[in-house]
Amino acid sequence: MIDPGQAVERELPSPAFEGDARRPAQSYWNESWERLRSNRIGMVCGSLILVLALIAIAAPLFTQFLTHYEPFRLDLDSTFAPPGHPHLLGTDELGRDTLTRLIYGGRVTLGVALLTVALSLTLGTTVGLAAGFYGRWIDDLLMRFVDVVLAFPAIFLFILMAILFRPTPITLAAIIASVGWGGVARLVRGEVLSVKQRDFILATRSLGARDGRLIIRHLLPNVLPVLIVAASLGVGQIILIEAALDFLGLGIQPPTASWGNMLTNSQSYFFHSVWLVYFPGITIFVTVLAANLFGNAVRDAFDPRLK
Amino acid sequence: MAQTLLEVQDLRTVFATKEGNVKAVDGVSFHLDAGETLGIVGESGCGKSVTAMSIMGLQRPGRIVGGKVLFKGNDLTKASETEMREVRGQQIAMIFQDPMTSLNPVFKTGWQVAEPLRLHRGVDFVKALAGAVAMLGRVGIPSPAERAKNYPHQFSGGMRQRAMIAMGLTTTPQVLIADEPTTALDVTIQAQILDLLRTVNREFGTATILITHNLGVVAGMCERVMVMYAGKVVESGPTEDVFAHPKHPYTWSLLRSIPRLDAERHEPLKPIEGLPPNLIDLPPGCAFQPRCPFRIERCTRDTPVLNRVGETQLAACWVTQSGTELKDA
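Here the protein sequences come in this chain order: A and B.
Last residue of the first sequence: number 307 in our numbering, and the count goes up by one each step with no gaps.
Last residue of the second sequence: number 636 in our numbering, and the count goes up by one each step with no gaps.
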């Protein structure tokens, strides 16, 4: 056993001057974070997403103190009110306040996006790690299954699932993730195949580490950058899919507000109350754009392959 | 005599490929005594590393198809994966060729050097890290407590190899297998690392298997040397004797192909003609026979076996076994 107390009892041959020990440790994460911080567009977009998320979380506060309306409250005396006072962004055909519904819709949309990302990353990472690490028939089995999932026309799958399961935010996330995980699994598997070949995996094996430790402690942290990039680039796409499903009537059902079903609702009134189209449309557009730009910034900062 | 720690008997490891079975290790036998340093030399692809991997049970995707690896009497080729994990890193540690890729880039070096302690001793992180720092100090890393907080990319090649050695030594194994530990380093650092390995051998009493293709390293480090060619041991014996009077034409040719200080000036080096054989389809008889300047008729017919030649050496060669001296033609 080593006794730390009696360390350096006798100096073994010491190397000549080799680098400056005083330079503070710059981990991969520190460096990547610095890179991300210096990307102004990325930071603006990231902040925007963060603000939207905070608004969504604090939705009841906003409706109580800012808009003073409940999302489901009908006001048949002031239907189709144009933007202004007291309805900042106007009202719809039932006199419901648009801003309130947008805020509550944000809860649904961002919540679904977050849940979808979490689900597809968890499943995809697990499958990708197992396939890449164990290889052989496990790899064949899992990856052929992924091929099947990805070969299935997604929109039909969504329609089928939406018929089978009543669309709530949770089932909707599960439905979108059931397709999304395939891409993540492929990505992770590819990365594992390359990391697995590196000597430190062999070296760790030669220390007597078991497979589970190799996968969780040594492989996973090395594929994490790829996951972060996949997650941040996936958010925009998921928001669009979710909005599209809502729009087709396969997603969140009225009266629960979502950006997509607000858009569906508004198409009947396009000619006399155009703001009903504008506001959800602009919200979706801005959110997806911000998510994508932020995703790109994250990729530029974190993707080890771009260095 | 010192007690035998590790004994390899007729070890055979093959790799299945589309073209056929590659016999990477083809009937290798040797032993390692406690505290000694054994050199394994040979050119690339002659089975040195696969032999080491087979001892550790890490030969995948290769398969051990025959022979035994007796470590303190237990046959490691029959050991379960759980038993092997106890041996790896605790009884037998290994150092690899390229220190640049042998450390995990996402963890601090101290964390990694501490890993064997956590795996095998079950000590908590703080204690393991203290042990790692102590060991980093002993292998000559200056200000080890600070350095343990660095990431591998902040270490130079020589320091990384020191860290690898420290990692191997934290659990004070009885055998250290160093697979070309200096090949990826520049010459001055090579000397330091070899010096370190020698000190480790002396101070910790760790028996060392040094795998290299550098004959000079063997001459300076090892008491005994084993020369491999095409998956077989062709010669073994005390380093001095093997180098002074090689009893296998391959060893003889190898020694003539490296520059010597005492050679006549302008005397050209003599390369070994030809290429190593295809391990799937070995030539008949002796594997070295197509390149051998001493070839006799029997060499193309019968495969030579390792036998005593001279006082202390073993060689697998019909020519020297029949008493012929290896001399320039």
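Beta carbons: idealized from backbone N, C-alpha and C, even for Gly.
Predicted model, so just to flag it, every value in this text is computed and none were measured.
Is the Cβ of residue i closer than 8 Å to any Cβ of chain A?
{"i": "ARG598/B", "result": "no"}
{"i": "THR408/B", "result": "yes"}
{"i": "LEU492/B", "result": "no"}
{"i": "PHE511/B", "result": "no"}
{"i": "PHE432/B", "result": "no"}
{"i": "MET528/B", "result": "no"}
{"i": "VAL413/B", "result": "yes"}
{"i": "GLU422/B", "result": "yes"}
{"i": "GLU487/B", "result": "no"}
{"i": "ARG395/B", "result": "yes"}
{"i": "LEU483/B", "result": "no"}
{"i": "ASP383/B", "result": "Reading the sequence as shown, one finds Leu at residue 383/B and not Asp. By this cut-off, LEU383/B is not an interface position."}
{"i": "MET401/B", "result": "yes"}
{"i": "LEU365/B", "result": "yes"}
{"i": "ARG392/B", "result": "yes"}
{"i": "HIS427/B", "result": "yes"}
{"i": "MET308/B", "result": "Note on MET308/B: pLDDT 49, under 50, position unreliable in the model; the coordinate value appears next. For MET308/B, the answer is no, since every Cβ of chain A falls outside 8 Å of its Cβ."}
{"i": "ASP569/B", "result": "no"}
{"i": "ASP405/B", "result": "yes"}
Can you pull the DSSP bridge partners for residue i?
{"i": "MET535/B", "result": "VAL540/B"}
{"i": "MET143/A", "result": "Looking at the DSSP assignment, MET143/A forms no beta bridge with any residue, so it has no partner."}
{"i": "PRO545/B", "result": "ARG531/B"}
{"i": "PHE337/B", "result": "VAL315/B"}
{"i": "LEU377/B", "result": "GLU314/B, ASP382/B"}
{"i": "THR515/B", "result": "THR344/B, LEU483/B"}
{"i": "LEU621/B", "result": "SER543/B, ARG615/B"}
{"i": "ASP97/A", "result": "THR91/A"}
{"i": "LYS415/B", "result": "Note: LYS415/B sits in no beta bridge, so no partner."}
{"i": "GLY327/B", "result": "THR324/B"}
{"i": "ARG299/A", "result": "None; ARG299/A has no bridge partner."}
Residue i: which of the options sits nearest, CA to CA?
{"i": "ILE175/A", "options": "ALA185/A, LEU187/A, MET161/A", "result": "MET161/A"}
{"i": "ARG649/B", "options": "LEU561/B, MET528/B, ALA622/B, GLN499/B", "result": "Beyond the ends of chain B as shown, which are 308 and 636, falls residue 649/B; an answer cannot be given."}
{"i": "ALA151/A", "options": "TRP181/A, PRO167/A, ASP246/A", "result": "TRP181/A"}
{"i": "PRO553/B", "options": "VAL413/B, LEU621/B, VAL315/B", "result": "LEU621/B"}
{"i": "THR389/B", "options": "PHE302/A, PRO254/A, LEU207/A", "result": "LEU207/A"}
{"i": "ASN265/A", "options": "PHE247/A, GLU34/A, LEU214/A", "result": "PHE247/A"}
{"i": "GLY373/B", "options": "ILE565/B, ARG567/B, VAL321/B, THR519/B", "result": "VAL321/B"}
{"i": "LYS375/B", "options": "GLY369/B, PHE337/B, THR408/B, VAL315/B", "result": "VAL315/B"}
{"i": "ILE49/A", "options": "PHE285/A, ASP300/A, ASP303/A, ARG299/A", "result": "PHE285/A"}
{"i": "GLN310/B", "options": "ASN521/B, GLY380/B, ASP317/B", "result": "GLY380/B"}
{"i": "ARG602/B", "options": "SER356/B, SER629/B, ARG615/B", "result": "SER629/B"}
{"i": "TRP331/B", "options": "ASP588/B, GLY592/B, THR619/B", "result": "Residue identity check: residue 331/B is Ala in the sequence provided, not Trp. Nearest of ASP588/B, GLY592/B, THR619/B to ALA331/B, Cα basis: ASP588/B."}
{"i": "PHE337/B", "options": "ARG319/B, GLY327/B, SER351/B, VAL329/B", "result": "ARG319/B"}
{"i": "ALA297/A", "options": "GLY260/A, LEU36/A, VAL108/A, GLN197/A", "result": "LEU36/A"}
{"i": "ILE275/B", "options": "ARG563/B, GLU453/B, CYS593/B, LEU313/B", "result": "With chain B covering only 308 through 636, there is no way to say anything about residue 275/B."}
{"i": "LYS541/B", "options": "VAL524/B, GLU571/B, TRP559/B", "result": "The sequence shown places Val at residue 541/B, not Lys. Here the closest residue by C-alpha is TRP559/B."}
{"i": "ALA58/A", "options": "VAL108/A, PHE270/A, PHE302/A", "result": "VAL108/A"}
{"i": "ILE516/B", "options": "GLY342/B, ALA594/B, ASN457/B", "result": "GLY342/B"}
{"i": "LYS434/B", "options": "THR408/B, GLY444/B, ALA594/B, ALA421/B", "result": "ALA421/B"}
{"i": "PHE195/A", "options": "PRO169/A, PRO60/A, HIS218/A", "result": "It is worth fixing the name first, because residue 195/A is Val in this sequence and not Phe. Checking every option, the nearest Cα to that of VAL195/A belongs to HIS218/A."}
Is there a Cβ from chain B that is less than 8 Å from the Cβ of residue i?
{"i": "ARG205/A", "result": "yes"}
{"i": "GLY208/A", "result": "yes"}
{"i": "ARG96/A", "result": "no"}
{"i": "ARG198/A", "result": "yes"}
{"i": "ALA21/A", "result": "Its pLDDT being 46, under 50, ALA21/A is placed unreliably by the model, and the measurement read from it follows with that caveat. Yes, ALA21/A counts as interfacial toward chain B."}
{"i": "TYR28/A", "result": "yes"}
{"i": "LEU309/A", "result": "Chain A is shown only over 1 to 307; residue 309/A falls outside these bounds and no answer can be derived."}
{"i": "ASN296/A", "result": "no"}
{"i": "LEU202/A", "result": "yes"}
{"i": "THR125/A", "result": "no"}
{"i": "ILE216/A", "result": "no"}
{"i": "ASN222/A", "result": "yes"}
{"i": "PRO4/A", "result": "Below a pLDDT of 50, predicted positions are generally treated as unreliable, and PRO4/A, at 43, falls in that range; no measurement from the model is reported."}
Under 8 Å by Cβ, that's how I've got residue i and residue j pegged, so tell me the actual separation to the nearest angstrom.
{"i": "MET262/A", "j": "ARG40/A", "result": "Wrong, their Cβ atoms sit about 32 Å apart, outside the cutoff."}
{"i": "VAL440/B", "j": "GLY417/B", "result": "6 Å"}
{"i": "THR490/B", "j": "GLN404/B", "result": "5 Å"}
{"i": "ALA203/A", "j": "GLY128/A", "result": "Not really, about 23 Å apart at Cβ, beyond 8 Å."}
{"i": "GLN468/B", "j": "PRO406/B", "result": "4 Å"}
Output the residue ranges of the beta strand (DSSP E) runs that lie fully inside the segment 469 to 507 of chain B and measure 3 residues or longer, sorted by chain position. Entirely contained in the segment 469 to 507 of chain B, the beta strand (DSSP E) runs reaching 3 residues are, in chain order, 482 to 486.
What residue ranges within the segment 417 to 465 of chain B form continuous alpha helix (DSSP H) runs of no fewer than 4 residues, ordered along the chain? If we require 4 residues or more, the alpha helix (DSSP H) runs fully inside the segment 417 to 465 of chain B come out as 432 to 445, 451 to 454.
In chain order, which continuous runs of the alpha helix (DSSP H) of length 4 or greater are located wholly inside the segment 190 to 224 of chain A? The segment 190 to 224 of chain A contains these whole alpha helix (DSSP H) runs: 199 to 206.
Which parts of the segment 555 to 585 of chain B are runs of the beta strand (DSSP E), unbroken and 3 residues or longer, counting only runs that do not cross its ends? Segments of the beta strand (DSSP E) lying fully in the segment 555 to 585 of chain B: there are none.
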